[in-house]
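Comments concern the structure below.
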Amino acid sequence: MNADAAVLFAPLAVRPAAFRRTPKRPMDEGRFEAFYRNTAGSLWSYVYRMTGNSATADDLLQKTFYRFLRAQPEIASDDHLRHYLFKTATNLVFDHFREAKRGRELVEPPPPEFRPDRNELRQDMTRAFAELKPRERALLWLAHVEGCSHDEIADALGLKSKSVRVLLFRARKRLGDVLTRRGLAPEAPHD
Amino acid sequence: MTDPLETRIDAWMQEFARFDERPRALPDPSMLWVRAKLMQSVVIADRAARPVTNAQIGSYLVVAAAWAALLMWKWQALVTWVRGFTPAHIVLGATGVESAASLSLTFLGLLIVLGSLTVLLAFHTILAEE
């Protein structure tokens, strides 16, 4: 058992004024359940898209919430709690990749699992996304699906804020190239 | 968002994220809550028991060191005394009296004390595990 469970998370990208205005609330079971219902689905999707395996996503989702509850971060708003949750999940995902790499001498994560219930387009999109490196996937998902700011992304991935803009641009370009090669290139918006 | 690539990728990502890939329901939050609290109480119990565990380990080390010191102190006398029980010594009538005499009352007293401590520690460990 991790003896550091009581260490509180100290967010770097949080504006101090938000703390002063909003009183801190302890996380009781009722609040946790409400928070869980708001976040678990999107968190699972994020972890699934990162790992490509539903069983691994289930496992990492539970570990994320256990760590979250053990740490009991004293953060005021649900937005900040959500950010902390995704940061924890990201760390667990990358730990999972490192362990997989040690065990199997792989450089890239394994290919996404085959799901016969999915149509061809979904499978193609999944395969295309899986071609990206883990950090690129994380950057794109956090930016475009979770709507995280550059500061939040930097904090979640352990990067400098200034680097996020450049890395995100490269990730988008890389995804664009993958999609073009696979014939899935998104169309330009009609004006 | 003015960059065309960013706009296109954003649209693609939004469509991609809409696919629900979950093959089964999410775990029940109350189950996660109970398990997390259970883990927390185990951590707290482990921390509370740590001084006792450390004291136990320390006791074993002290007793082991005392046995080692006692045996080293009277090693020659013990070896000679043990050899006195070999058939050759018994037949030849070789005496171990001198060696036995060097195993003084102090030594015997320490032997009894250390033996008792060792038995007590063993009982403590067995009872603690039960």
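Protein chains in written order, with our numbering: chain V, 614 to 804; chain A, 73 to 202.
C-beta: ideal position from N, C-alpha, C; glycine also.
- Exposed is the label assigned to I116 of chain A, since fewer than 16 other Cβ atoms lie within 10 Å of its Cβ.
- Exposure of K775 of chain V is indicated by the presence of fewer than 16 other C-beta atoms within 10 angstroms of its C-beta.
- At the C-beta level, H763 of chain V and R778 of chain V come within 8 Å of one another.
- The straight-line gap separating the alpha-carbon atoms of L788 of chain V and M85 of chain A is approximately 10 Å.
- Within 7 Å of the CB of A653 of chain V, the CB atoms of chain A belong to L98, in sequence order along the chain.
- Taking the Cα positions, R783 of chain V is about 29 Å away from L694 of chain V.
- When CB distances to chain A are screened at a threshold of 7 Å, the residues of the region 774-791 of chain V falling below it are R785, K786, L788, G789, in chain order.
- Within chain V, the C-beta atoms nearer than 9 Å to that of E93 of chain A come from W657, S658, Y661, R662, S667, A670, R728, R731, R735, T739, in chain order.
- At a cut-off of 8 Å, the C-beta of R107 of chain A has a neighbouring C-beta in chain V.
- As for any alpha helix (DSSP H) of minimum length 4 sitting wholly inside the region 753-804 of chain V, the runs are 763-770, 774-795, ordered along the chain.
- In terms of CA proximity to Q675 of chain V, V:T701 leads the group V:D691, V:T701, V:P747, V:D768.
- DSSP places P101 of chain A within a helical segment (H, G or I) once states are collapsed to three.
- Contact between L781 of chain V and A756 of chain V is confirmed by a C-beta separation of about 6 Å, below the 8 Å threshold.
- Rounded to whole angstroms, K746 of chain V and M103 of chain A show a C-alpha spacing of 34 Å.
- Contact of I184 of chain A with chain V is not assigned, every C-beta pair being separated by 8 Å or more.
- Its chain contains I766, L770, V777, L780, L781, A784 as the residues whose beta carbon lies nearer than 8 Å to that of L752 of chain V, once the 5 sequence neighbours on both sides are disregarded; these appear in chain order.
- Boundaries of the alpha helix (DSSP H) harbouring G654 of chain V: 642-664, taken from the DSSP string.
- Of all C-beta pairs linking the region 187-196 of chain A to the region 131-151 of chain A, three or more are shorter than 8 Å, placing the two stretches in contact.
- Distances from the CA of G665 of chain V to each of V:R794, V:E759, V:R795, V:E744 were compared; the closest alpha carbon is that of V:E744.
- With fewer than 16 other Cβ atoms inside 10 Å of its own Cβ, W145 of chain A counts as exposed.
- Within chain V, not a single residue places a beta-carbon under 7 Å from that of I198 of chain A; the smallest gap is close to 25 Å.
- With a beta-carbon spacing of about 26 Å, L199 of chain A and L142 of chain A fall beyond the 8 Å limit used to define contacts.
- Here the alpha carbon of W105 of chain A sits roughly 59 Å from the alpha carbon of L180 of chain A.
- V:L656 is the residue among V:L656, V:N732, V:Y679 whose C-alpha sits nearest the C-alpha of H696 of chain V.
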